[in-house]
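Asker:
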Amino acid sequence: MTPAIEFQAVGRSFGDVVAVTDLTISVPAGSITVLLGPNGAGKTTTVRLTTGALRADTGTVRVHGLDPIADGEQVRRRCGVVPPKPAMYDRLSGWDNLAFAADLFGVSRAGIEEAAGRFGIAHALGQTVGGYSTGMRTRLALARAFLHDPDVLLLDEPTAGLDPESARAVLTLITELASTGRSILMCTHLLHEAEGIADQVALMVNGSVRALGAPRMLADRYIERPLVLLDAEDRTVFESIGERPEVRNTRWNGALEVELESLGALPDLVTSLVADGARLTRVEPQAGSLSDLYFEMQRVHGSDT
Amino acid sequence: MNWARVRTIVRTDLRQLFKSRDYWGPLIVLAFLFFVVIPGMALFSVTQVESNDFVAQLNNMLDTLPGSIQAGVVEGSPGARAAYVLAVYLLAPIAVVVPLTVSSAVGAHAIVGEREKGTGEFMAHAPVSIHEIYVGKLLASLIPGYLATIAGFAVYSLVANTLAGPLLGGWFFPTAGWWLLILWVLPPFLAVALAIIVWVSGRMKSTAASQQAASLVSLPVILLAYGVAGGVVVNPTRGALVIGAVAWTIAITALVAGAKAFDRERLLGFGG
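Chains as they are written, first to last, in our numbering: chain A, 45 to 349; chain B, 9 to 280.
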């Protein structure tokens, strides 16, 4: 199956500044790929190279097999982009802004109402965008990106400036869109928002991908010692837990975070604690959050050059 | 070239312009000043005030001009001759200054404005060709200036005919030279100036810098157009037609060069 997006050894510099180098990544169709990385890692450049807004100096970029430079119009027609800064024509109304996009993409006026309704901005379409809040602007930007029903979505910090409720709604919608076969490339440095929705995670550092794979796979590779959260009615039962051979480390963080040699040691640990009279109220193995994964990958690859 | 998309870009830019009172307010004042107030006062002074120094000076100046030009001036009293000279010859450059000023203000903002607002990012990702964007931006800059000129020209005609017409035996304006200037000579000068200004706009980091640079680069064009305008209205012969044709050739060359130099990355603030 042709990947939705494919970068092969792509490089792009701006003068002496290397934005991406030897970037190789494949976004499978119908999946969500999250680009993680600090500011300046090359995430936005990757999005811009995907649509042909920027031209690669080296390597090849393909979107559903099409070259974004040679077949730019076709590629851009298939892509919906939410840029990092939801910029609009402030003097125009929300409706005018969407109508502008609709006319460029050849979308009917009914499509405007549908997209605006989907992102809860339909009620404000008559207002001048200059008076919009950040959240309203982001919703309008999302509606604009989805207007032409693209099958590739490039979301560059799509929840920036949104309140938690709206951000969650957007992330839910992104998951729903992926389930309908759309391919999504999402850039973020907010780890919690990629948590649970990413089919594939790529860690970008200094313009190249240093680690790529499913979160679970990467967690297995990078997070060697599993964590378990424990709590009990009487916490004194944990006083000597650090002396057990299967326990590497412990610390209190609301509950007791126990770093084990392996997850296989957990049943024995629990049995032993119960046998000692502990009435456990919490036994929660931590799969290794994306946040843990990110920092671990950063630790391993962050200083690579 | 998809003209529907070009129209969309033009329409959106003009709509924004129309909603920017801070932009068109001063320009209306400028146009009113150049097309109504200054010519109105000048014509009023030569037509309503008998034997003033200004009339005498205009008649003296007319006597020094070549016979072919003098032949084009209607016969009549010194006041009538002065009114004709003033209305037809001396105020011609107004028709150059106003459109170039109006259009250069819009054109200077064309590309760098998109970049500053961040809306260039959307354009860069949209299924619209770079030439469609270029032509759209160019037309959106040209139309306000040219419309201001046409409207101003109409108002100026009314002012000139109302104030000087009774002395000159009825409606005398526009003359053939003015038609030639407005319809044939002025548009290519406007296009040349805009080709340069939009090119500059794609390379500047801010609108303010672009406006400064646009003023500098368009000044020679304005001065040239100023001189040509005077010549065309004074002597609307085949030579004037040739001047227009040469200007069109230069304009088309400049526009093609501008289009070739413009690329998608300019919308994002890159490119070279």
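Glycine included, every Cβ here is placed at the ideal spot set by N, Cα and C.
In this text the structure is predicted, and so the values were computed from the model without any measurement.
Is S218 (chain B) closer than 8 Å to H117 (chain B) when the C-beta atoms are compared?
Answerer: Contact: yes.
Asker: What is the rounded straight-line gap between the Cα of T102 (chain A) and the Cα of T95 (chain A)?
Answerer: Going from the Cα of T102 (chain A) to the Cα of T95 (chain A) covers about 16 Å.
Asker: Which one of A:P208, A:G59, A:A53, A:P127 has the shortest CA to CA distance from L229 (chain A)?
Answerer: It is A:P127.
Asker: If you compare alpha carbons, which of A:R56, A:K129, A:T104 is closest to E129 (chain B)?
Answerer: The candidate whose alpha carbon is nearest that of E129 (chain B) is A:K129.
Asker: Cα-Cα, which of B:L99, B:V143, B:V106, B:G177 is closest to R15 (chain B)?
Answerer: Here the closest residue by C-alpha is B:V143.
Asker: I want to see whether chain A comes within less than 8 Å of K213 (chain B), judged by CB atoms only; does it?
Answerer: False, the Cβ-Cβ gap to chain A never drops below 8 Å.
Asker: With 8 Å as the threshold, decide whether the Cβ of K129 (chain A) is near any Cβ in chain B.
Answerer: Yes, because at least one Cβ of chain B sits closer than 8 Å to the Cβ of K129 (chain A).
Asker: How would you list, in chain order, the residues of chain B whose beta-carbon sits under 8 Å from the beta-carbon of F58 (chain A)?
Answerer: The answer, in chain order, is F278.
Asker: Leaving out five residues on either side along the sequence, give the residues of the same chain with a beta carbon under 6 Å from the beta carbon of F259 (chain B).
Answerer: Correcting the residue identity first, residue 259 (chain B) is Ala in this sequence and not Phe. The answer, listed in chain order, is P196, A199, V200.
Asker: Out of curiosity, what's the CA-to-CA distance linking A50 (chain B) and L94 (chain B)?
Answerer: So the alpha carbons of these two residues sit roughly 8 Å apart.
Asker: Counting only beta-carbon atoms, is M132 (chain A) nearer than 8 Å to chain B?
Answerer: For M132 (chain A), the answer is yes, since a Cβ of chain B falls inside 8 Å of its Cβ.
Asker: Just how far apart, CA to CA, sit A258 (chain A) and V208 (chain B)?
Answerer: If I take the Cα positions, the gap works out to 47 Å.
Asker: Quick check: is the beta carbon of V125 (chain A) nearer than 8 Å to any beta carbon in chain B?
Answerer: Yes, contact with chain B.
Asker: Between R254 (chain A) and M341 (chain A), which are expected to be in contact by the criterion C-beta below 8 Å, what is the C-beta distance as a whole number of angstroms?
Answerer: So it is a contact: roughly 7 Å between Cβ atoms.
Asker: Could you tell me the distance, in whole angstroms, from the CA atom of E328 (chain A) to the CA atom of C231 (chain A)?
Answerer: Distance between the alpha carbons of E328 (chain A) and C231 (chain A) is about 30 Å.
Asker: For chain A, find out if any of its Cβ atoms is closer than 8 Å to the Cβ of F130 (chain B); answer yes or no.
Answerer: It does: the Cβ of F130 (chain B) has a partner Cβ on chain A nearer than 8 Å.
Asker: Which residues of the region 108-128 of chain B have a Cβ closer than 7 Å to any Cβ of chain A? Give them in chain order.
Answerer: Listed by position, the residues of the region 108-128 of chain B near chain A (Cβ gap below 7 Å) are K125, G126, T127.
Asker: Quickly, what does DSSP pair P329 (chain A) with across the bridge? List them, please.
Answerer: P329 (chain A) pairs with A:V272.
Asker: Can you confirm whether R274 (chain B), when its beta carbon is compared against all beta carbons of chain A, has any partner nearer than 8 Å?
Answerer: Closer than 8 Å: no.
Asker: Since S85 (chain B) meets chain A, which of its residues come closer than 9 Å, beta carbon to beta carbon?
Answerer: Within 9 Å Cβ-Cβ: nothing; S85 (chain B) doesn't reach chain A, min ~53 Å.
Asker: Give the single residue among A:S252, A:R212, A:L191, A:E220 whose Cα lies nearest to the Cα of G124 (chain A).
Answerer: It is A:L191.
Asker: Hey, quick one: how far does the beta strand (DSSP E) through N297 (chain A) stretch, first residue to last?
Answerer: Run containing N297 (chain A): 291-297, per the beta strand (DSSP E) assignment.
Asker: Which chain B residues are close to E290 (chain A), counting only those with a beta carbon under 9 Å from its beta carbon?
Answerer: Residues of chain B passing the Cβ test: none, with the nearest at roughly 53 Å.
Asker: Tell me which residues share the same chain as I138 (chain B) and place their Cβ nearer than 7 Å to its Cβ, disregarding the 5 neighbours each side in the sequence.
Answerer: The answer, listed in chain order, is F270, D271, R272.
Asker: Return the CA-CA distance between L202 (chain B) and R211 (chain B), expressed in angstroms with no decimal places.
Answerer: Roughly 14 Å between the two C-alpha positions.
Asker: Compute every distance between the C-beta of H192 (chain A) and the non-hydrogen atoms of the ligand HEM, then say whether any falls below 7 Å.
Answerer: With respect to the ligand HEM, the structure offers nothing, as it holds no ligand at all.
Asker: Run down chain A in chain order and give the residues with a C-beta less than 7 Å from the C-beta of V136 (chain B).
Answerer: The answer, in chain order, is L148.
Asker: Skipping 5 residues on each side, what residues in its chain have a beta carbon closer than 6 Å to that of A100 (chain A)?
Answerer: So the qualifying residues of the chain are V54, R56, L93.
Asker: Going by beta-carbon coordinates alone, are V96 (chain B) and F43 (chain B) separated by less than 8 Å?
Answerer: Result no, Cβ atoms of V96 (chain B) and F43 (chain B) do not sit closer than 8 Å.
Asker: Beta carbons nearer than 7 Å to chain B: which residues of the region 201-217 of chain A have them?
Answerer: Per Cβ criterion, the list is empty.
Asker: Along chain B, in chain order, which residues have C-beta atoms closer than 8 Å to that of L355 (chain A)?
Answerer: Any property of residue 355 (chain A) remains undetermined from this structure, which presents chain A solely from 45 to 349.
Asker: Can you tell which of A:A309, A:N83, A:A263, A:L148 has the C-alpha that lies nearest to the C-alpha of V249 (chain A)?
Answerer: Ranking A:A309, A:N83, A:A263, A:L148 by Cα distance to V249 (chain A) puts A:N83 first.
Asker: Determine whether the Cβ of S209 (chain B) lies closer than 8 Å to any Cβ atom of chain A.
Answerer: No, its Cβ sits nowhere closer than 8 Å to a Cβ of chain A.
Asker: Are M180 (chain A) and I165 (chain A) close, meaning C-beta to C-beta below 8 Å?
Answerer: Against a cut-off of 8 Å, the Cβ pair of I165 (chain A) and M180 (chain A) comes out as a contact.
Asker: Going by other Cβ atoms of all chains shown within 10 Å of its Cβ, with 16 needed for buried, is S62 (chain B) buried or exposed?
Answerer: Strictly speaking, residue 62 (chain B) in this sequence is Phe, with Ser absent from that position. By the 10 Å Cβ count, F62 (chain B) comes out exposed.
Asker: Which residue spans inside the region 107-184 of chain A form an unbroken beta strand (DSSP E) run of at least 3?
Answerer: You should have 123-126.
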